[in-house]
Amino acid sequence: MKRRIPLLLTTLVGVIFVVQFFVPHKPFSDMQGLLSDWVQIIAAFAIWLGALNLMRVSAENVQRRERNWPYAAIIIASFLAISVVGFFFSGGTHFQDPGTPFDWMYQNVYNPLSATMFAMLAFYVASASYRAFRARNREATLLLLAGFLVMLGRVPVGDKLSGFLPEGYRLSNLADLIMNIPNKAGQRAIMIGIALGIVSTSLRLILGIEKSHLGGEG
Amino acid sequence: MGIELRRAILLALVLLAGTLLSHARVGAQTPGSAAEPIGAPLLPPASVVADDTPNDSGRSLTLRWALSPSDREEDGAFAGYQILRAQSPEGPFVAVGDTPARTAEFVDNRELRDGTRYYYQIVARRGDALAPSVIAGPAIPAAQWFHTGRVNTLIAVLVLSGLIIYFIEHARRGRPIFLRKIAGLDAVDEAVGRATEMGKKILFIPGTQDMDSVQTLAGIAILGRVARTTATYGSALEVPVSRSLVMVAARETVKESYLATGHPDSYNDDMVYYLTDDQFGYAAALEGIMVREKPAAIFLQGHFYAEALILAENGNSIGAIQIAGTAEPSQLPFFVATCDYTLIGEEFFVAGAYLSREPRQLGSLKGQDLGKAIILALLLVGIVVQTAGIFDFASLFVVQ
Numbered sequence: 001m002k003r004r005i006p007l008l009l010t011t012l013v014g015v016i017f018v019v020q021f022f023v024p025h026k027p028f029s030d031m032q033g034l035l036s037d038w039v040q041i042i043a044a045f046a047i048w049l050g051a052l053n054l055m056r057v058s059a060e061n062v063q064r065r066e067r068n069w070p071y072a073a074i075i076i077a078s079f080l081a082i083s084v085v086g087f088f089f090s091g092g093t094h095f096q097d098p099g100t101p102f103d104w105m106y107q108n109v110y111n112p113l114s115a116t117m118f119a120m121l122a123f124y125v126a127s128a129s130y131r132a133f134r135a136r137n138r139e140a141t142l143l144l145l146a147g148f149l150v151m152l153g154r155v156p157v158g159d160k161l162s163g164f165l166p167e168g169y170r171l172s173n174l175a176d177l178i179m180n181i182p183n184k185a186g187q188r189a190i191m192i193g194i195a196l197g198i199v200s201t202s203l204r205l206i207l208g209i210e211k212s213h214l215g216g217e218g
Numbered sequence: 001m002g003i004e005l006r007r008a009i010l011l012a013l014v015l016l017a018g019t020l021l022s023h024a025r026v027g028a029q030t031p032g033s034a035a036e037p038i039g040a041p042l043l044p045p046a047s048v049v050a051d052d053t054p055n056d057s058g059r060s061l062t063l064r065w066a067l068s069p070s071d072r073e074e075d076g077a078f079a080g081y082q083i084l085r086a087q088s089p090e091g092p093f094v095a096v097g098d099t100p101a102r103t104a105e106f107v108d109n110r111e112l113r114d115g116t117r118y119y120y121q122i123v124a125r126r127g128d129a130l131a132p133s134v135i136a137g138p139a140i141p142a143a144q145w146f147h148t149g150r151v152n153t154l155i156a157v158l159v160l161s162g163l164i165i166y167f168i169e170h171a172r173r174g175r176p177i178f179l180r181k182i183a184g185l186d187a188v189d190e191a192v193g194r195a196t197e198m199g200k201k202i203l204f205i206p207g208t209q210d211m212d213s214v215q216t217l218a219g220i221a222i223l224g225r226v227a228r229t230t231a232t233y234g235s236a237l238e239v240p241v242s243r244s245l246v247m248v249a250a251r252e253t254v255k256e257s258y259l260a261t262g263h264p265d266s267y268n269d270d271m272v273y274y275l276t277d278d279q280f281g282y283a284a285a286l287e288g289i290m291v292r293e294k295p296a297a298i299f300l301q302g303h304f305y306a307e308a309l310i311l312a313e314n315g316n317s318i319g320a321i322q323i324a325g326t327a328e329p330s331q332l333p334f335f336v337a338t339c340d341y342t343l344i345g346e347e348f349f350v351a352g353a354y355l356s357r358e359p360r361q362l363g364s365l366k367g368q369d370l371g372k373a374i375i376l377a378l379l380l381v382g383i384v385v386q387t388a389g390i391f392d393f394a395s396l397f398v399v400q
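These protein sequences, in sequence, are chains A and B.
Using this note's numbering, the first residue of the first sequence is number 1, and each one after it goes up by one.
Using this note's numbering, the first residue of the second sequence is number 1, and each one after it goes up by one.
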């Protein structure tokens, strides 16, 4: 029973979503919005589940003085600080308004930290590219060559270097050719495979063959 | 001097006449110049047609008309069209909307009732001057039971689903199904075994999206298989998640795997824990876990965005064996560059079935492969038909 009801619900909701795509008539036309609202409501309640779990695990780490427990203490302190400031010192429901203490913390603590993480991507791209573009074999050499031509074709110096060639045969055109033909063809092949995979997975879920997300066999 | 002056006047007159003539010619070639000149009386739009909006849920009508001859780009005073509606041709007509100049369509979905007759007038406006069209209608709004613009999708869904269901039945009867080897999935045991030998943790990251993403579901299916292996080998498994609902589903999956392999005592809820919904907060926390705890094997299986490279590159820097899988094309190159094995697109979706070896699931993979063969055949036919200019083959695949 514990598994059968969720499976039935999965099948029912799956069929409703398929039908509403083809039937614009009521009640199917309203179903997508209605079910999306339900998801939002469930997710809103579930946030507490996650937050409480995070606090419990962190508190246990601090209490037992486990390895790296100071990080857990920082999590608890940060969580309490932003919650207390947001709930009690930022004008109630207007806590997100510019100028509130909550907004100050958001703009001056959260945003810079988030931006720092995002900015680190630049360094990771450089180190990952260095490894990927090493000409170890034929495929990697092709990748290196294509990458080199695309990069050169995307900057003004590329067209300066190939300026002696007629219009349409310069490095920027070659870069466009690589991006629009072999690259796009490869991407589309992957997309077709993904679409078929999604259809197949969805069908397995709707038919109740795939139930590992419910903790079941299959 | 007098002769020169006369010549100059004559030359000026010739030039003036030439300029006027050329202007007259240009005017004659300009589209729409057949209409009356600017400043002439305002003319109404013609050929007004009001119809039910197709393929909708009702309470909507679509109006189309031919632009008023006064509606020209060079006429800056032309303000556009006002839409009037009534329930009887005698009126009263009330304004229900406006459109800017050079617009010949309007969708009216304001307080309409299905099954009621409506009449329309389109009024051209220039300053205070108004030019109403003839009355169009009656038009009756109605909901449709089938979206005719999606017949092609329906056929594709029926064919694909039919093939998949056929092969599921085929496999259920015990007929053998050939599966090509997928290196990334065959390496699951190797990765878990290596972590066990080293006495280190296995980190499973199911992406940053919620349970409404099919990629998260596929990731959870792989987690079930990985958990069975860790339960059998007695390895330490850690699953930090970024969504509360994923935490609940992942706990159920891991718990069931430990129960199924006869190791319920090895399971505890804290193996799966929540970190944060925030994308970069999650990435930062995982980065810290990787650097501090140095897991021997990392599984990145799910829906990833920009955090993909941060995670995979960190895993690479600590020397962990990494098996990634996603259906996010923009993140695949990063995984290919940084991970030992990558499940690309469809491989990621077949992983659950591949690892389970359950006949019905394997049958669905066969159906999926045949679907791919049909698409390949259609691509070849399309290339020939479209290149030869026989007809617009691509238009068959447009979905409204």
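Cβ coordinates follow ideal geometry from the N, Cα and C atoms, glycine included.
query                                                                                                                                                                                     : result
Within a Cβ cutoff of 6 angstroms, which residues of the same chain sit near residue 221 of chain B, ignoring the five residues on either side of it in sequence?                         : 352
In this structure, what does DSSP give as the bridge partners for residue 238 of chain B?                                                                                                 : B:203
State whether the region 257-272 of chain B contacts the region 38-46 of chain A, with contact taken as three or more CB pairs (one from each stretch) at a distance under 8 angstroms.   : no
Counting pairs of Cβ atoms below 8 angstroms between the region 198-218 of chain B and the region 371-390 of chain B, do you hit three or more?                                           : no
Give the single residue among B:115, B:191, B:332 whose Cα lies nearest to the Cα of residue 52 of chain B.                                                                               : B:115
Count the other CB atoms within 10 Å of the CB of residue 104 of chain A; is the residue buried (16 or more) or exposed (fewer)?                                                          : exposed
Answer with yes or no whether the minimum CB distance from residue 106 of chain B to chain A is below 7 angstroms.                                                                        : no
Can you tell me where the alpha helix (DSSP H) with residue 107 of chain B in it begins and where it stops?                                                                               : From DSSP, residue 107 of chain B is part of no alpha helix (DSSP H) but of the beta strand (DSSP E) over 105-108.
Let me know the secondary structure DSSP gives residue 22 of chain B once reduced to three states.                                                                                        : Reliability fails at residue 22 of chain B, whose pLDDT of 44 lies under 50, so the model's placement of it is uncertain and the value that follows must be treated cautiously. Looking at residue 22 of chain B - three-state DSSP - the assignment turns out to be helix.
Does DSSP classify residue 230 of chain B as helix, strand or coil?                                                                                                                       : helix
Verify the contact flag: residue 4 of chain A, CB atom, against every heavy atom of the ligand MN, threshold strictly below 6 angstroms.                                                  : In terms of ligand content, the structure shown is empty, and the ligand MN therefore cannot be addressed.
So with Cβ pairs under 7 angstroms, would you call residue 30 of chain B a contact of chain A?                                                                                            : In this prediction, residue 30 of chain B scores a pLDDT of 37, lower than 50, which makes its location untrustworthy; the coordinate-derived value is nonetheless stated afterwards. So, not an interface residue.
Could you name the residues of the region 24-39 of chain A whose beta carbon sits closer than 7 angstroms to any beta carbon of chain B, in the order they occur along the chain?         : 24, 25, 26, 29, 39
What three-state label does DSSP hand residue 208 of chain B in the structure shown?                                                                                                      : coil
Is residue 204 of chain A close to chain B, meaning its C-beta is less than 7 angstroms from at least one C-beta of that chain?                                                           : yes
Short of 8 angstroms Cβ to Cβ, which residues in the region 364-377 of chain B face chain A?                                                                                              : 364, 365, 367, 368, 371, 372, 375
Chain A beta carbons: is any one of them nearer than 7 angstroms to that of residue 197 of chain B?                                                                                       : no
Any idea what DSSP makes of residue 165 of chain B, helix, strand or coil?                                                                                                                : helix
Whole-angstrom Cβ separation of residue 56 of chain B and residue 83 of chain B, contact assumed at under 8 angstroms?                                                                    : Wrong, their Cβ atoms sit about 18 angstroms apart, outside the cutoff.
Can you find the residues in the same chain that come closer than 6 angstroms, C-beta to C-beta, to residue 149 of chain B, ignoring five residues on each side of it along the sequence? : 55, 400
Could you tell me the alpha carbon to alpha carbon distance between residue 59 of chain A and residue 313 of chain B, rounded to whole angstroms?                                         : 30 angstroms
Looking only at C-alpha atoms, which of B:396, B:163, B:338, B:367 sits nearest to residue 178 of chain B?                                                                                : B:367
Give me the residue from B:241, B:280, B:300, B:284 with the minimum Cα distance to residue 271 of chain B.                                                                               : B:241
Residues in the same chain with beta-carbon distance under 6 angstroms from residue 16 of chain A, minus the five sequence neighbours each way, listed in chain order, please.            : 31
Rounded C-beta distance between residue 288 of chain B and residue 71 of chain A? I'm assuming under 8 angstroms.                                                                         : 7 angstroms
Determine whether the Cβ of residue 124 of chain A lies closer than 7 angstroms to any Cβ atom of chain B.                                                                                : yes
Interface residues of chain A around residue 329 of chain B at Cβ under 9 angstroms?                                                                                                      : 187, 190, 191, 194
Suppose only complete runs of 4+ residues qualify. What are the alpha helix (DSSP H) ranges in the region 342-387 of chain B, listed by chain order?                                      : 346-356
Would you say residue 50 of chain A reaches chain B, if we count a Cβ-Cβ gap shorter than 7 angstroms as a contact?                                                                       : yes
Mind listing the chain A neighbours of residue 147 of chain B? Cutoff is C-beta to C-beta under 9 angstroms, in chain order.                                                              : 21, 22, 23, 24
Take the Cβ of residue 71 of chain B as the centre, count every other Cβ of all protein chains shown within 10 Å, and call the residue buried at 16 or more, exposed below.               : buried
Just the C-alpha distance for residue 67 of chain B and residue 86 of chain B, rounded to the nearest angstrom, thanks.                                                                   : 22 angstroms
Of the residues B:365, B:391, B:372, B:389, which one's Cα is nearest the Cα of residue 167 of chain B?                                                                                   : B:365
Rounded to whole angstroms, what's the CA-CA distance from residue 77 of chain A to residue 84 of chain A? Just pull it up for me.                                                        : 10 angstroms
Could you check whether the Cβ of residue 169 of chain B sits closer than 7 angstroms to any Cβ belonging to chain A?                                                                     : no
Can you tell which of B:118, B:102, B:254 has the C-alpha that lies nearest to the C-alpha of residue 95 of chain B?                                                                      : B:118
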